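Protein chains: 2
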Amino acid sequence: MAKTILFQHNTLASLMAGIYEGTMSVEELLKHGNFGVGTVDSVDGELIVLDGKVYQATGTNDEFKVKEVPSHVLVPYAAVVHHTTTKSWKEDNPIDSENLKKTIEEKLDSHNLFYSVKIKGTFSKMHVRMIPKSKTGERFAEVAKNQPEFTQENISGTLIGIWTPELFHGVSVAGFHLHFLADDLHFGGHVMDFVMQDGNIEIGRIDQLEQNFPVDNKTFLEKSFDVLALRSDIEASE
Amino acid sequence: MAKTILFQHNTLASLMAGIYEGTMSVEELLKHGNFGVGTVDSVDGELIVLDGKVYQATGTNDEFKVKEVPSHVLVPYAAVVHHTTTKSWKEDNPIDSENLKKTIEEKLDSHNLFYSVKIKGTFSKMHVRMIPKSKTGERFAEVAKNQPEFTQENISGTLIGIWTPELFHGVSVAGFHLHFLADDLHFGGHVMDFVMQDGNIEIGRIDQLEQNFPVDNKTFLEKSFDVLALRSDIEASE
Numbered sequence: 001m002a003k004t005i006l007f008q009h010n011t012l013a014s015l016m017a018g019i020y021e022g023t024m025s026v027e028e029l030l031k032h033g034n035f036g037v038g039t040v041d042s043v044d045g046e047l048i049v050l051d052g053k054v055y056q057a058t059g060t061n062d063e064f065k066v067k068e069v070p071s072h073v074l075v076p077y078a079a080v081v082h083h084t085t086t087k088s089w090k091e092d093n094p095i096d097s098e099n100l101k102k103t104i105e106e107k108l109d110s111h112n113l114f115y116s117v118k119i120k121g122t123f124s125k126m127h128v129r130m131i132p133k134s135k136t137g138e139r140f141a142e143v144a145k146n147q148p149e150f151t152q153e154n155i156s157g158t159l160i161g162i163w164t165p166e167l168f169h170g171v172s173v174a175g176f177h178l179h180f181l182a183d184d185l186h187f188g189g190h191v192m193d194f195v196m197q198d199g200n201i202e203i204g205r206i207d208q209l210e211q212n213f214p215v216d217n218k219t220f221l222e223k224s225f226d227v228l229a230l231r232s233d234i235e236a237s238e
Numbered sequence: 001m002a003k004t005i006l007f008q009h010n011t012l013a014s015l016m017a018g019i020y021e022g023t024m025s026v027e028e029l030l031k032h033g034n035f036g037v038g039t040v041d042s043v044d045g046e047l048i049v050l051d052g053k054v055y056q057a058t059g060t061n062d063e064f065k066v067k068e069v070p071s072h073v074l075v076p077y078a079a080v081v082h083h084t085t086t087k088s089w090k091e092d093n094p095i096d097s098e099n100l101k102k103t104i105e106e107k108l109d110s111h112n113l114f115y116s117v118k119i120k121g122t123f124s125k126m127h128v129r130m131i132p133k134s135k136t137g138e139r140f141a142e143v144a145k146n147q148p149e150f151t152q153e154n155i156s157g158t159l160i161g162i163w164t165p166e167l168f169h170g171v172s173v174a175g176f177h178l179h180f181l182a183d184d185l186h187f188g189g190h191v192m193d194f195v196m197q198d199g200n201i202e203i204g205r206i207d208q209l210e211q212n213f214p215v216d217n218k219t220f221l222e223k224s225f226d227v228l229a230l231r232s233d234i235e236a237s238e
């Protein structure tokens, strides 16, 4: 059976350290997966990869927007996979994000592997944020303090997520990293919390991590990382 | 240009946690690299991959041995690469391991990438250890307390190493992980320290990490990792 491979370009620690320059095209990224999360050059919003299409969710103080991303656009960070369901079930009763996460973690066959998580459902509440466009060098934890947040009620759509084992915290974010895209393609972002009315949960067990580095990016190559601080930043910001 | 990929089967944290069952054959391992380090089923000594050949260095209290490993043998942990030199130089004057490591780190073009390190030289002193065969479940830090160590003088051979960025400490060991193999194939092991008389240093910059997991191993899947403790164990044992 073919291996399911999570492809990650750059690390979350790099993003936390303020390395926002796009270093891989969306076209190249799509060769490695049809499902995933990330951000766009200059951290201009949240990247959402669903069914092989790539979307960018941005927000200003009072307005939100989702648009398709052309293939030449560069991304500083993304994690994608050819999502392959290895376990699935339906939730028929309302459940909030904390409890749904707990339910999913109990159903993972191991906490030492990566998983893709795809949830199609209807939500009485969906609370997201979009990281605002920023210059390389500003720490993510600072940028994240002033990011627009939006809540929608009674919305149907898909949660796109990666679950990461604790050992890889810093490389990625331990636990869930979830983005949302509404069915009507008008609303999306990085998920803060939600209440799901009902939905279908698909878990995809991942066999291998393909960790790619932006080997030609001078900022990345020369950056001095404070790994412990960056791990804390991820917990504070994600 | 083809990407240079470091293939790692399982993680050093798994090894530290006492997961010693072999889960990948040497035959399969060699498809991913001709150069690297690891250990053998039941942590029965040090695995050394050099020029596409695989050796096992074992030691008892008073005897050491190196033998070639048949292709069907299983390994619990290994990291291999098709070593490709991107920088090389000669050291003509005696230098001890601490200073040689410092010199190499100063010449790495980034501390945020993995590198392979191949050093062919003559050594006035070479001090190694070999992990003794143990049962799955015994913590590596405990096993490592009673491991045989050997020192040879005036020996020529090759240092086989992987250099890992700090962010991946736990996944691998941050900094240098060096094994040694004598030219006469009679002595080798996990390097503690050495004095090199002269030698040729080759550094190979790595573009991507392919992190493989033993997805069919029940012990691995069910293990509860104490990541912080395992990172400390690696520092104490490696």
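Sequence lines, in order, name chains A and B.
Quick note on numbering: the first sequence equals residues 1 to 238 in the UniProt record's numbering.
Quick note on numbering: the second sequence equals residues 1 to 238 in the UniProt record's numbering.
Every residue, glycine too, gets a C-beta built ideally from N, C-alpha and C.
No experiment lies behind these values; they were computed from the predicted model shown.
Check: Proximity test, Cβ basis, 7 Å: B/V173 and chain A; Outcome: no
Check: Beta-carbon neighbours of B/V191, restricted to chain A and to distances below 9 Å; Outcome: Neighbours of B/V191 on chain A: none; closest Cβ ~25 Å, over 9 Å.
Check: Cβ neighbours of A/W89 in the same chain (closer than 7 Å, five flanking residues each side left out); Outcome: I201
Check: Cβ-based burial, B/K118 [other Cβ within 10 Å; buried from 16]; Outcome: buried
Check: B/M16 in three-state terms, based on DSSP; Outcome: helix
Check: A/E222 and A/I5 closer than 7 Å at C-beta; Outcome: no
Check: Three or more C-beta pairs below 8 Å linking the stretch 55-68 of chain A and the stretch 175-188 of chain A; Outcome: yes
Check: Proximal chain B residues relative to A/Q208, where beta-carbon distance stays under 8 Å; Outcome: E210, Q211, N212 and F213
Check: Length of the line joining the Cα atoms of A/S142 and A/E63; Outcome: According to the sequence as given, residue 142 of chain A is Glu; it is not Ser. Using only the alpha carbons, I get a separation of about 22 Å.
Check: B/F114 to B/V80 span [Cα, whole Å]; Outcome: 12 Å
Check: Beta carbon proximity, B/E21 to chain A, threshold 7 Å; Outcome: no
Check: Secondary structure of A/A174, DSSP reduced to three states; Outcome: coil
Check: DSSP three-state assignment for A/S237, whether helix, strand or coil; Outcome: helix
Check: Check whether A/L50 and A/A78 have beta carbons under 7 Å apart; Outcome: no
Check: Identity of the residue in B/H111, B/H83 and B/E105 nearest B/K3 by Cα; Outcome: B/H83
Check: Spatial distance of B/A144 from A/H9 (CA atoms); Outcome: 36 Å
Check: Buried versus exposed, by CB contacts within 10 Å (16 or more), B/L167; Outcome: buried
Check: CB contact below 7 Å: B/E105 versus chain A; Outcome: no
Check: Helix, strand or coil at B/T219 according to DSSP, with G and I counted as helix; Outcome: helix
Check: Outcome for A/P70 when other beta-carbon atoms lying within 10 angstroms are tallied against a minimum of 16; Outcome: exposed
Check: Within chain B, partners of A/E222 - CB distance below 8 Å; Outcome: S110
Check: Beta-carbon proximity check, B/R139 vs B/G18, cutoff 7 Å; Outcome: yes
Check: Host alpha helix (DSSP H) of B/A79 (start-end); Outcome: Unbroken run through B/A79 is the beta strand (DSSP E), Y77 to V81; no alpha helix (DSSP H).
Check: Runs of alpha helix (DSSP H) lying entirely within the stretch 136-172 of chain B, each at least 4 residues, in chain order; Outcome: 140-143
Check: Chain B contact for A/G52 (CB, 7 Å cutoff); Outcome: no
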